Amino acid sequence: MSVVLATVSDVDEELHERVRDTVAAITEGSVATYGDIAALAGASTPRLVGRVLGEDGHDLPWHRVLRADGTPAKHLREEQCARLLAEGVMSRNGRVDLTRYRWRPERG
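If you read the sequence shown in numbering that gives the first Met the number 0, its first letter stands for residue 0, the second for the next number, and so on.
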């Protein structure tokens, strides 16, 4: 059985922009999980959020998006933790306390 992952070009443009807009709205000193962003943007899976950020997120505060357990992706850990620390987000053993730092967007 093989798994086929969507690419950014496979994602409808409106959803793509909702993911980008949601990530852009995360305030400094706060973090969100890929699942948080997926739920807010209406994406079917957190992996889609990761795909959008990986392919088209260089100009976004991508470092504020973490895995569900509060850890960054392994290949981004050092840079992501350094960027978060510069914003006042502390991590312990590479894990951010989501209870303390999780972004809570304003509901309109």
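We treat Cβ as the ideally placed atom computed from N, Cα and C, and that holds for glycine. Since we're looking at a predicted model, the values are computed, not measured.
Notebook entry, point to check: According to DSSP, is Arg103 helix, strand or coil?
Noted result: coil
Next item on the list: Answer with buried or exposed for Gly28, where buried requires no fewer than 16 other C-beta atoms within 10 angstroms of its C-beta.
Entry: exposed
Next item on the list: Rounded to whole angstroms, what's the CA-CA distance from Leu75 to Leu65? Just pull it up for me.
Entry: Their backbone Cα atoms lie some 10 Å apart in a straight line.
Check: Taking three-plus beta-carbon pairs below 8 Å as touching, is the segment 25-44 in contact with the segment 82-102?
Finding: yes
Notebook entry, point to check: Which class does Leu65 belong to by DSSP, given the choice of helix, strand or coil?
Noted result: strand
Notebook entry, point to check: Three-state secondary structure (DSSP) at Thr70?
Noted result: coil
Next item on the list: Check whether the Cβ atoms of Asp20 and Ala38 lie closer than 9 Å to each other.
Entry: no
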